[in-house]
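Following the working numbering, the numbering of the sequence shown begins with 32 at its first residue and continues without gaps.
Data first, discussion second: the structure below is written as structure tokens.
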Amino acid sequence: MSDWEVFAVRYAERNARTRSDSFIFDDNHDAPHAMDYFIWVLRRGAEVILVDTGYDTPEAGRRDRPILMDPRDALKPLGIRAEAVDQVIVTHLHYDHAGGLHLFPNARLHLQAAEMAYATGPCMCHGTLRMPFTADHVCEAVQRLYSGRVTFHDGDGQIADGVSVHCIGGHSRGLQCVRVRTQAGWLVLASDAAHYYENLFARKPFPIVVDLQNMLDGFDRLEALASDRRLIVPGHDPLVRQLFPADIAPHVIRLDRGPQGAVPI
Numbered sequence: 032m033s034d035w036e037v038f039a040v041r042y043a044e045r046n047a048r049t050r051s052d053s054f055i056f057d058d059n060h061d062a063p064h065a066m067d068y069f070i071w072v073l074r075r076g077a078e079v080i081l082v083d084t085g086y087d088t089p090e091a092g093r094r095d096r097p098i099l100m101d102p103r104d105a106l107k108p109l110g111i112r113a114e115a116v117d118q119v120i121v122t123h124l125h126y127d128h129a130g131g132l133h134l135f136p137n138a139r140l141h142l143q144a145a146e147m148a149y150a151t152g153p154c155m156c157h158g159t160l161r162m163p164f165t166a167d168h169v170c171e172a173v174q175r176l177y178s179g180r181v182t183f184h185d186g187d188g189q190i191a192d193g194v195s196v197h198c199i200g201g202h203s204r205g206l207q208c209v210r211v212r213t214q215a216g217w218l219v220l221a222s223d224a225a226h227y228y229e230n231l232f233a234r235k236p237f238p239i240v241v242d243l244q245n246m247l248d249g250f251d252r253l254e255a256l257a258s259d260r261r262l263i264v265p266g267h268d269p270l271v272r273q274l275f276p277a278d279i280a281p282h283v284i285r286l287d288r289g290p291q292g293a294v295p296i
């Protein structure tokens, strides 16, 4: 079978952050450290698989984290209509990855069973662990389950020829990365298994974490899954826009041809 095209679609940014928001035990903790928000598109001919959904304007207002554009509008340059999306890989159920599930009403969700159990279980009694989740988003996933449109994975799972998911955990109990066969080799969408290149390559954990050992072990797993370390794409790093070329629109970044610059390894 042919390789997949892969796009990172940027829909939001948050620049009022410091390095202490991104790294545990950082020496330069008060320096500014910006964050980008992406959803990802896998495309092969007429086949389209969406990876995560972003969040919408109401959620942006509730969290005081404005978005640059509605995720549905962000996908329009790729010719993708939200109603036509029938497969969504949900890397985890945090608000910025699952906050737009309702925007794609006809999609089947691919989710780790551990993530659903975590987001609906006793860990959510703790405010600190509950903070990145929004109940409405989790309930949307449950409603999709009861309508027969959730496929659960337990560890590794095959989505399509050349597309697989792999449970990493760490940041969230059932966080999964996505491995995709591309013309550049096996590319890994890390999602929040590595928010930034620096999390991964300097082995510096992100502060929002449920299992620190899983997060650290996950860095090794990401490297094992990719054909080359340069083909690991972090979930929130603005450097992605510098290393990979824009395609079709300034906010649509082409990933499957590999990076065009030197990755900070």
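For every residue, glycine included, the Cβ atom is placed at its ideal position computed from N, Cα and C.
Counting along the chain, the unbroken beta strand (DSSP E) around F38 starts and ends at 36 to 45. A129 and R288 have their C-alpha atoms some 27 Å from each other. Separation of I70 and T159 (C-alpha to C-alpha, rounded to the nearest whole angstrom) is 25 Å.
DSSP, read as helix, strand or coil, puts H267 in coil. Less than 7 Å divides the Cβ of V37 from the Cβ of L286.
Nearest Cα to D223 within the set G216, G266, F250: G266.
Straight across, the Cα-Cα distance linking A144 with V196 is about 12 Å. Distance from the CA of A105 to the CA of N245, rounded to the nearest whole angstrom, comes to 33 Å. Within the same chain, and ignoring the five residues on either side of C198 in sequence, the residues whose Cβ sits closer than 8 Å to its Cβ are Q143, A145, H184, D185, G186, D187, G205, L206, Q207.
DSSP, read as helix, strand or coil, puts T49 in strand. Excluding five sequence positions before and after P269, the CB atoms of its chain that fall closer than 6 Å to its own CB belong to A65, D67, given in chain order.
About 19 Å separates the Cβ atoms of G193 and D83, ruling out a contact at the 8 Å cut-off. Per DSSP, M66 is not a residue of any alpha helix (DSSP H); the beta strand (DSSP E) it occupies stretches across 66 to 75. Here Y227 is buried, its C-beta having at least 16 other C-beta atoms within 10 Å. If you look at T213, you'll find it in the beta strand (DSSP E) that goes 207 to 213.
Cβ neighbours of P108 within its own chain (closer than 6 Å, five residues either side excluded): I279, A280, V283. Within the segment 117 to 163, the complete alpha helix (DSSP H) segments of 4 residues or longer fall at 126 to 129, 144 to 150, 158 to 161, listed in chain order. Distances from the CA of H202 to each of A225, D251, A62, V116 were compared; the closest alpha carbon is that of A225.
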